[in-house]
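Structure record follows, encoded as structure tokens.
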Amino acid sequence: MTKIKTQKLDFSASGIIAKKRDGKKLTHEEIRWFIDSLTSGDIADYQMSALLMAIYLNGLDKKETASLTDAMLYSGEVVQFEGNDVIDKHSTGGVGDKASFILAPIAAACGVKVPMIAGRGLGHTGGTIDKVESIKGFKTSLTLKEFKNRLNKDGLVLIGQTKTIAPADKKIYALRDVTATVESIPLITASIMSKKLAEGASGIVMDIKTGSGAFMSNMKDAKALAKSLRDTASRFDKRMLTMITDMNQPLGNAIGNSLEIIESIETLKGNGPKDLTDLSVQLAGGMIYLAGKAKTLKEGNAKAQAAIDNGSALKKFKEMIKKQGGDDKVVEDYTRLPVAKEKLEVLATKSGYVSKVECKNMGLHCVSLGGGRKKAEDAVDFGVGLIINKKIGDTVKKGESLVTIYYHAKQKNLVGKIAAEIIANDVTISKTKATTPKSLVYEIKENK
Ligand code: URA
317 MTKIKTQKLD
327 FSASGIIAKK
337 RDGKKLTHEE
347 IRWFIDSLTS
357 GDIADYQMSA
367 LLMAIYLNGL
377 DKKETASLTD
387 AMLYSGEVVQ
397 FEGNDVIDKH
407 STGGVGDKAS
417 FILAPIAAAC
427 GVKVPMIAGR
437 GLGHTGGTID
447 KVESIKGFKT
457 SLTLKEFKNR
467 LNKDGLVLIG
477 QTKTIAPADK
487 KIYALRDVTA
497 TVESIPLITA
507 SIMSKKLAEG
517 ASGIVMDIKT
527 GSGAFMSNMK
537 DAKALAKSLR
547 DTASRFDKRM
557 LTMITDMNQP
567 LGNAIGNSLE
577 IIESIETLKG
587 NGPKDLTDLS
597 VQLAGGMIYL
607 AGKAKTLKEG
617 NAKAQAAIDN
627 GSALKKFKEM
637 IKKQGGDDKV
647 VEDYTRLPVA
657 KEKLEVLATK
667 SGYVSKVECK
677 NMGLHCVSLG
687 GGRKKAEDAV
697 DFGVGLIINK
707 KIGDTVKKGE
717 SLVTIYYHAK
727 QKNLVGKIAA
737 EIIANDVTIS
747 KTKATTPKSL
757 VYEIKENK
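So the number in this note's numbering is just where the residue sits in the sequence shown, counting from 1, plus 316.
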């Protein structure tokens, strides 16, 4: 895909909307003109919203999806890096998903260059940038020039979305949020890919979550999104590995900003929960393989595990904190993180096996304590959160702790309500043991 000039072209917004409304295909130039006009302010939000609904209802084919991605990508700055070993990872979002903090230093320790531009939390899912900002001093707003320099020097950099990366996506995403047009595979594809392509990575590992806590609640939709992402990556000559992974319960045990940083550090020290460790190793293994630092995925996974075992990944994480102005002593001393002082244990009211942990609700409890945002402009509380002590398949005895809630003294009433909801709705205890997947990774595909 190349940037084409469309200033001389003269389309009408209502003509393009009508074409898609009637199920016809849009040309590259029409899509480009529409998005350019949105970015320059010549298309009104209501016109963009109408086109979004027409796309939601009638879809886009592969070519149109690539054209939309291209138009959104070139609505802002595009970074370019030399070489084929610049690999990023993106997750479609989940509860307790802190895998980026583990896989990025692992991959970097294995010689992969990792340029991460991550998001903030919205809705029931947390955001990587909010979590890392719980480390005092950590700077997430570098300029693109600083971002490039850090990557070339250190091989690992983590920043938040900049205003200049795919600004059209920012406008479109805000409109989708309020016009019931989020769950559209071509729109999700163009949104994710425009941002990822703008970062300049040569390859991307895509973690597509499926299950009760994910955007794509079933395997069929997850597979369709995976294929759409691979097809679009191929059109832009990027290598992509898609992994469809389980999100029927929170990943690991911790939900909440500081709590998730602690769990990530523990995982880098080799003491992490099995599900989080395995998933992080497989995603990092995929990055190592795409970067050409391993001949097979199996070899990539072995190298990733070795980077945990020999301490090089932890060292890289500590180095990244320091280079980005953060307090790197948190790695040895968790009291330097602002974890809330009060704790409430939610106790099991009967014995049995845990058969369900309501993923989305657990994320929402963290949000209601202040650990996430209800509105985009809300401030985030780094200290509050939940530790899920019992996960699906675990045995539990009456009186044992299912969940520990971290809160502030002034939230006593709220925390009581959350505990009651967890008992009544969110954790189900059954007489028979539920089967759990052997691996959280259901499908791996490459766009070769
Ligand atoms: N993540 C994005 O960046 N965009 C979407 O549309 C969905 C998930």
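Glycine residues also receive a C-beta, built at the ideal position from the N, C-alpha and C atoms.
Close Cβ partners of residue i (< 8 angstroms) along its chain, the five nearest in sequence each way excluded
| i | result |
| --- | --- |
| K536 | none |
| T381 | P502, T505, A506, S544, D547, T548 |
| K321 | Model confidence at K321 stands at a pLDDT of 48, short of 50, so the residue's coordinates are unreliable; what they give is reported in the following sentence. Closer than 8 angstroms at the Cβ level, and outside the excluded window around K321, lies no residue. |
| E716 | L663, A664, N705, K706 |
Rounded separation between residue i and residue j - CA only
| i | j | result |
| --- | --- | --- |
| E398 | E693 | 36 angstroms |
| E499 | E345 | 25 angstroms |
| M636 | G679 | 28 angstroms |
| A366 | K379 | 21 angstroms |
| L592 | E658 | 26 angstroms |
| N400 | I445 | 26 angstroms |
| K487 | N573 | 27 angstroms |
| K319 | F552 | Any answer about K319 is weak, because its pLDDT of 48 lies below 50 and its placement is not dependable; what the coordinates show is given next. Answer to the nearest angstrom: the Cα atoms are 12 angstroms apart. |
| I351 | D649 | 48 angstroms |
| T583 | S457 | 26 angstroms |
| D523 | T612 | 18 angstroms |
| I721 | N729 | 13 angstroms |
| K461 | V395 | 9 angstroms |
| N587 | I577 | 13 angstroms |
| I359 | A334 | 15 angstroms |
| K455 | S330 | 44 angstroms |
| S450 | S667 | 37 angstroms |
| A423 | T478 | 24 angstroms |
| M532 | Y723 | 31 angstroms |
| W349 | F327 | 7 angstroms |
| M364 | T343 | 17 angstroms |
| L575 | G412 | 10 angstroms |
| G608 | I508 | 24 angstroms |
| K638 | G427 | 19 angstroms |
| T752 | Q565 | 11 angstroms |
| T744 | N534 | 21 angstroms |
| K469 | F463 | 10 angstroms |
Beta-carbon proximity list for residue i, same chain, < 7 angstroms, skipping 5 on both sides
| i | result |
| --- | --- |
| A750 | Y669, S671, I708, G709 |
| I371 | K336, S500, P502, L503 |
| P589 | G568, N569 |
| G361 | Contrary to the premise, residue 361 reads as Asp rather than Gly in this sequence. L491. |
CB of residue i within 8 angstroms of CB of residue j, strictly
| i | j | result |
| --- | --- | --- |
| A622 | A600 | no |
| G471 | K539 | no |
| K765 | A482 | The first residue shown for the chain is 317 and the last is 764, placing residue 765 beyond what the model contains. |
| K525 | T561 | yes |
| E674 | K414 | no |
| K733 | A664 | no |
| K340 | I520 | no |
| I403 | S518 | yes |
| N705 | L718 | yes |
| G410 | G602 | no |
| S407 | T355 | no |
| V597 | N626 | no |
| I347 | L384 | yes |
| P421 | L467 | no |
| V647 | I581 | yes |
| A725 | L660 | no |
| A514 | L389 | yes |
| E393 | T459 | no |
Close beta carbons around residue i, own chain, < 6 angstroms, minus the five adjacent residues each side
| i | result |
| --- | --- |
| G443 | G435, R436, G437 |
| A425 | A623, S628, A629, K632 |
| E762 | L557 |
| T748 | none |
| K452 | D643 |
| N677 | D742 |
| I703 | N569, A570, T720 |
| Q771 | Residue 771 is absent from the structure shown; the chain starts at 317 and stops at 764. |
| Y605 | L613, G616 |
Residues sharing a beta bridge with residue i, DSSP
| i | result |
| --- | --- |
| S518 | Looking at the DSSP assignment, S518 forms no beta bridge with any residue, so it has no partner. |
| K429 | V402 |
| G668 | V712 |
| K765 | Since the displayed the chain opens at 317 and closes at 764, residue 765 lies outside it and no answer follows. |
| S746 | Y669 |
| A570 | I703 |
| E737 | Per DSSP, none; premise fails for E737. |
| V473 | P431 |
| A494 | Before going further, note that residue 494 is Val rather than Ala in the sequence given. Bridge partners of V494: none, in fact. |
| V662 | V719 |
Could you tell me whether the stretch 697 to 708 touches the stretch 648 to 665, using the rule of 3 or more Cβ pairs below 8 angstroms? A contact exists between the stretch 697 to 708 and the stretch 648 to 665.
Around ligand 3, which residues pass a check of Cβ closer than 5 angstroms to any of its heavy atoms? The model on display carries ligand 1 but not ligand 3.
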